[in-house]
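If you use the numbering used here, the sequence shown corresponds to residues 196 to 794, in order.
Beta carbons: idealized from backbone N, C-alpha and C, even for Gly.
To start, the structure itself, in structure tokens.
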Amino acid sequence: MATTIALPKTKISGGSFLLEERQTADVFTPEDFSEQHQMIGQTTEEFALNEILPQAEKIEHKDFSISRALLKKAGDLGLSGVEIPEAYGGLEMDKVTAAIIADNIAKYAGFATTWGAHSGIGLLPIVYFGTEEQKKKYLPRLAAGEIVGAYALSEATSGSDALNCRARAVLSPDGKHYILNGEKMWITNAGFADLFTVFAKLDGDKFSAFLVERTFPGFSVGAEEHKMGIRGSSTCPIILNDCKVPVENLLGDIGKGHIIAFNILNVGRFKLGAMSVGGGRVSLESAVAYAKQRKAFGKTISDFGLIREKIANMATLIYVGESAVYRTVGMMDVLLSEIDSASPDAAKERRKAIEEYAVECSILKVWGSEMLDYVVDETLQIYAGYGFVEEYPAERAYRDARINRIFEGTNEINRLIITGFLLKRAMSGQLPLMPAIKKLMDEVLSGPSVGEEIEGPLAEERKQVAQAKKLGLFVSGSATQKYMQAIQEQQEVMGAIADMTIEIYAMESAVLRTQKMVEQKGEASAALPIAMTRVYITQALEKVEAAAKKVIADVAEGDMLKTQLAIVRRLSKHEPFNTIGLRQQIAQKTIETGKYTLA
196 MATTIALPKT KISGGSFLLE ERQTADVFTP EDFSEQHQMI GQTTEEFALN
246 EILPQAEKIE HKDFSISRAL LKKAGDLGLS GVEIPEAYGG LEMDKVTAAI
296 IADNIAKYAG FATTWGAHSG IGLLPIVYFG TEEQKKKYLP RLAAGEIVGA
346 YALSEATSGS DALNCRARAV LSPDGKHYIL NGEKMWITNA GFADLFTVFA
396 KLDGDKFSAF LVERTFPGFS VGAEEHKMGI RGSSTCPIIL NDCKVPVENL
446 LGDIGKGHII AFNILNVGRF KLGAMSVGGG RVSLESAVAY AKQRKAFGKT
496 ISDFGLIREK IANMATLIYV GESAVYRTVG MMDVLLSEID SASPDAAKER
546 RKAIEEYAVE CSILKVWGSE MLDYVVDETL QIYAGYGFVE EYPAERAYRD
596 ARINRIFEGT NEINRLIITG FLLKRAMSGQ LPLMPAIKKL MDEVLSGPSV
646 GEEIEGPLAE ERKQVAQAKK LGLFVSGSAT QKYMQAIQEQ QEVMGAIADM
696 TIEIYAMESA VLRTQKMVEQ KGEASAALPI AMTRVYITQA LEKVEAAAKK
746 VIADVAEGDM LKTQLAIVRR LSKHEPFNTI GLRQQIAQKT IETGKYTLA
């Protein structure tokens with residue numbers, strides 16, 4: 196890789212955070228950014244502030260010539276080619292860099308969506324699955340922004356259920372073309388994209404992917420959708436009417452389109468998590484600026500406790516989001532750094548490294564999109580009546596954020612992925628989840644125990660995370676004991692276990708990052724991160740306990756229900772932090788600086 200990065204030394208299995216205690220040396224955090232990372236972040240931020248934002252209003256009104264010009268400028272800066280190998284015109288940089296760019300480009304969601312679809316799901320299928328000829332033909336022009344990419348998976352009757360698509364492909368009698376018929380819906384960049392990764396069933400049953408150029412005979416684009424948000428992005432259906440695709444434009448293997456679809460969505464999910472963090476920062480800054488100048492009852496509303504509470508919550512969530520995003524991409528980069536780029540299997544090995552963290556990517560997608568929804572909602576509330584008016588920034592941010600819970604697989608689907616993937620890995624022996632559950636069940640059913648003493652920085656916080664992990668394993672064990680393999684059909688239970696898993700990962704990510712700061716710089720320097728971590732843990736533990744009770748009430752009854760609820764209470768027990776005082780501390784610093792800050 197082109198970047199030199201101080202990565203953790205430990206290779207970590209995806210999903211293993213539930214079973215193992217992590218050390219600070221195991222996690223990558225924003226404080227570990229190299230000078231090159233910081234420079235790329237600054238370059239991206241300046242591009243967003245100086246080039247994208249001044250054009251936002253025109254882009255909102257569908258002037259996509261501006262979007263194309265901006266994609267070209269992004270290409271000139273190297274922002275669209277960081278994940279493309281150098282041999283094909285890219286920069287071949289790490290996933291941390293990819294996340295930093297996604298984070299910083301998210302100043303305006305309309306264009307961030309355009310850029311994300313082009314530089315992520317638009318071109319990565321070719322990076323990971325393309326033939327040598329396909330890579331040489333398309334990647335240099337995609338990296339440069341000379342042509343624009345798009346990804347066509349969804350259909351009117353098969354959004355999340357993508358494998359149930361109706362689009363069909365057959366081989367032409369002369370064997371030179373695949374003939375595609377069907378319609379794809381909600382395709383980002385469709386109004387002006389040049390190259391589409393299109394999924395269709397070959398011979399009616401072999402789910403496959405094809406690289407379709409806009410100029411191919413039989414290809415056409417429908418009218419722009421009139422959307423609630425992200426109006427600055429193009430969203431159209433595409434129509435395939437005996438569309439002739441050269442046989443050399445088959446992407447990957449026949450019948451293996453699902454491998455392409457699912458792997459590319461994993462990348463999209465971690466980037467969406469990063470973009471959500473970036474969007475949250477922008478919204479917080481807007482909320483603070485308004486609160487500092489708006490007066491009511493003789494003083495600015497930034498002096499009011501309930502407004503300060505909102506500001507503190509927003510800042511806290513951004514801190515936790517940063518912690519989870521960069522921890523995840525850091526783990527990816529550890530695996531990716533060991534791959535020989537010159538190897539003929541390099542692309543396959545990279546896919547495996549990313550797929551390893553499918554659970555974590557889904558967590559980032561769900562947590563990030565729901566975090567951003569909270570932040571933009573509270574921003575609008577701080578603006579009050581003005582927030583509901585188009586000329587103020589809160590209104591557009593509120594509308595734009597809503598799509599994120601639907602993009603890249605709905606949050607409901609991703610919750611099922613989180614629990615389902617963990618159980619699948621457990622059943623196959625890749626993740627020793629079942630032995631860990633059995634050990635814990637034996638432990639908790641034998642009565643209260645002293646437990647391990649945790650010492651050092653943030654000992655109480657680390658203890659609470661450890662207890663939450665035990666609670667997650669206990670609930671998972673109780674549910675699998677009742678439903679066995681049929682648990683896959685119990686979506687409410689699967690969703691509640693996912694909610695616990697998500698909160699555990701978010702909590703632990705924040706604790707490890709803060710602990711690392713304390714170890715390196717001392718408690719005084721980490722005062723604000725400590726406050727944010729404690730605020731988040733408090734609310735996360737409440738969610739974990741509520742989800743646990745929801746599952747236990749479903750899987751147990753009578754005396755067993757009483758016994759298991761007693762165990763839930765025991766594992767949930769903790770001394771509360773003074774969150775009112777902590778939030779005042781966070782809000783004061785955020786208001787003073789006018790933006791998200793850790794100093």
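Item to check | C-alpha distance - residue 483 paired with residue 509, whole-angstrom precision | outcome: Residue numbering aside, residue 483 sits at position 288 when the sequence shown is read from its first letter. Residue numbering aside, residue 509 sits at position 314 when the sequence shown is read from its first letter. Roughly 10 Å separates the two Cα atoms.
Checklist entry - Do you know how far the Cα of residue 223 is from the Cα of residue 488? => result Here residue 488 refers to the residue found at position 293 when the sequence shown is read from its first residue. Here residue 223 refers to the residue found at position 28 when the sequence shown is read from its first residue. Cα-Cα distance, rounded: 38 Å.
Item to check | In chain order, each beta strand (DSSP E) run of at least 3 residues that lies wholly inside the stretch 607–666 | outcome: none
Checklist entry - Where does the unbroken alpha helix (DSSP H) through residue 703 begin, and where does it stop? => result Translated into the one-based positions of the sequence shown, residue 703 becomes position 508. Element bounds for residue 703: 686–716.
Checklist entry - Considering only residues of the same chain and omitting the five flanking positions on each side of residue 203, which have a CB-CB separation below 7 Å? => result Stepping through the sequence shown from its first residue, residue 203 is reached at position 8. Excluding positions up to five away in sequence, the list reads 220, 221, 222, 223, 525 and 529.
Next on the checklist: With a threshold of 8 Å on Cβ separation, who are the neighbours of residue 505 within its own chain once the five nearest residues in sequence on each side are excluded?
Outcome noted: As a first step, residue 505 must be located in the sequence shown, where it is residue number 310. These residues qualify, in order along the chain: 482, 573, 576 and 577.
Checklist entry - Just checking my contact of residue 527 with residue 548 at CB under 8 Å: how many whole Å lie between their CB atoms? => result As a working mapping, residue 527 is identified with position 332 in the sequence shown. As a working mapping, residue 548 is identified with position 353 in the sequence shown. Going by Cβ atoms, the distance from residue 527 to residue 548 rounds to 6 Å, so yes, they are a contact pair.
Item to check | Reference residue 699; option with closest CA among 660, 682 and 534 | outcome: Start at 1 with the first residue of the sequence shown, and residue 699 comes out as number 504. Closest by alpha carbon: 660.
Checklist entry - What is the DSSP secondary structure of residue 323, counted as helix, strand or coil? => result Along the sequence shown, one-based indexing puts residue 323 at 128. Helix at residue 323.
Checklist entry - For residue 431, which three-state DSSP category applies? => result Taking the first residue of the sequence shown as position 1, residue 431 is located at position 236. Reduced to three states, the DSSP call for residue 431 is strand.
Checklist entry - Using a Cβ-Cβ cut-off of 6 Å (strictly less than) and excluding sequence neighbours within five positions of residue 737, which residues of its own chain qualify? => result Walking along the sequence shown from the start, residue 737 turns up at place 542. Cβ neighbours of residue 737 beyond the five flanking positions: none.
Item to check | Cβ neighbour criterion (16 or more within 10 Å) applied to residue 302 | outcome: Here residue 302 refers to the residue found at position 107 of the sequence shown. Buried, by the Cβ-count rule.
Item to check | For residue 353: DSSP bridge partner residues | outcome: Sequence index remark: in the sequence shown, residue 353 carries index 158 (1-based). Its beta-bridge partners are 350.
Item to check | Contacting residues, own chain, Cβ-Cβ under 7 Å from residue 299 (five flanking each side not counted) | outcome: Within the sequence shown, the letter at position 104 stands for residue 299. Closer than 7 Å at the Cβ level, and outside the excluded window around residue 299, lie 236, 239, 240, 243 and 473.
Checklist entry - Taking C-alpha atoms, which residue in 727, 356 and 556 lies nearest to residue 697? => result Locating residue 697 in the sequence shown gives position 502, where the first residue counts as 1. Of the listed residues, the one whose Cα sits closest to residue 697 is 556.
Checklist entry - Is the stretch 417–425 close to the stretch 442–455, with three or more CB pairs under 8 Å? => result no
Checklist entry - Okay, do the stretch 429–442 and the stretch 288–297 touch, 3+ Cβ pairs below 8 Å being the bar? => result no
Next on the checklist: Checking the sheet assignment: what are the DSSP bridge partners for residue 571?
Outcome noted: As a working mapping, residue 571 is identified with position 376 in the sequence shown. Paired residues: none, contrary to the question.
Item to check | Limits of the alpha helix (DSSP H) - the one that residue 733 falls within | outcome: By 1-based counting over the sequence shown, the position of residue 733 is 538. That run of the alpha helix (DSSP H) goes 722–750.
Checklist entry - How about residue 556: is its Cβ closer than 7 Å to a heavy atom in the ligand FAD? => result As far as ligands go, the structure on display features none, and thus does not contain the ligand FAD.
Item to check | Helix, strand or coil at residue 293 according to DSSP, with G and I counted as helix | outcome: Along the sequence shown, read from residue 1 onward, the residue named residue 293 stands at position 98. DSSP places residue 293 in helix when its eight states are reduced to three.
Checklist entry - Looking at C-alpha atoms only, which residue of 615, 593, 326 and 385 is the closest neighbour of residue 262? => result Along the sequence shown, read from residue 1 onward, the residue named residue 262 stands at position 67. Per the Cα distances, 385.
Next on the checklist: Please give the ranges of any beta strand (DSSP E) in the stretch 553–604, keeping only runs that are unbroken, at least 3 residues long and fully inside the region.
Outcome noted: none
Checklist entry - Does the beta-carbon distance from residue 774 to residue 692 come in below 8 Å? => result Walking along the sequence shown from the start, residue 774 turns up at place 579. Walking along the sequence shown from the start, residue 692 turns up at place 497. Contact flag unset, no.
Checklist entry - Where does residue 755 land, buried or exposed, given buried means 16+ other C-beta within 10 angstroms? => result Looking up residue 755 in the sequence shown gives position 560. It counts as exposed.
Item to check | N-terminal and C-terminal residue of the beta strand (DSSP E) that residue 397 is part of | outcome: What you label residue 397 is simply residue 202 of the sequence shown in a count that begins at 1. From DSSP, the beta strand (DSSP E) with residue 397 extends over 390–397.
Checklist entry - residue 375 and residue 362 look like a contact to me (Cβ under 8 Å); what is the Cβ gap, rounded to whole Å? => result Here the question's residue 375 lines up with position 180 in the sequence shown. Here the question's residue 362 lines up with position 167 in the sequence shown. At roughly 7 Å, the Cβ-Cβ gap stays under 8 Å, so residue 375 and residue 362 are in contact.
Checklist entry - Whose C-alpha, out of 792, 789 and 735, is nearest the C-alpha of residue 769? => result Within the sequence shown, numbered from 1, the residue matching residue 769 stands at position 574. Checked all of 792, 789 and 735; the closest Cα to residue 769 is 735.
Checklist entry - Should residue 228 go down as buried or exposed, given a rule of 16 or more other Cβ atoms within 10 Å for buried? => result Sequence index remark: in the sequence shown, residue 228 carries index 33 (1-based). Answer is buried; the Cβ neighbour count reaches 16.
Item to check | Length at least 3, wholly inside the stretch 462–511: the beta strand (DSSP E) runs in chain order | outcome: none
Checklist entry - Is it the case that the Cβ atoms of residue 791 and residue 496 are separated by a distance below 8 Å? => result Counting from 1 along the sequence shown, the entry for residue 791 is found at position 596. Counting from 1 along the sequence shown, the entry for residue 496 is found at position 301. Their beta carbons are not under 8 Å apart, which means residue 791 does not touch residue 496 by this criterion.
Item to check | Inter-residue CB distance, residue 564 and residue 704 (contact presumed, cutoff 8 Å) | outcome: Here residue 564 corresponds to residue number 369 of the sequence shown, with the count starting at 1. Here residue 704 corresponds to residue number 509 of the sequence shown, with the count starting at 1. Contact doesn't hold; Cβ gap of about 17 Å is too wide.
Checklist entry - If you drop the 5 nearest sequence neighbours on each side, which residues of the same chain put their C-beta closer than 7 Å to that of residue 471? => result The sequence position of residue 471 within the sequence shown is 276, counting from 1. Excluding residues within five positions, the ones whose Cβ falls inside 7 Å are 516, 563, 564, 566, 567 and 599.
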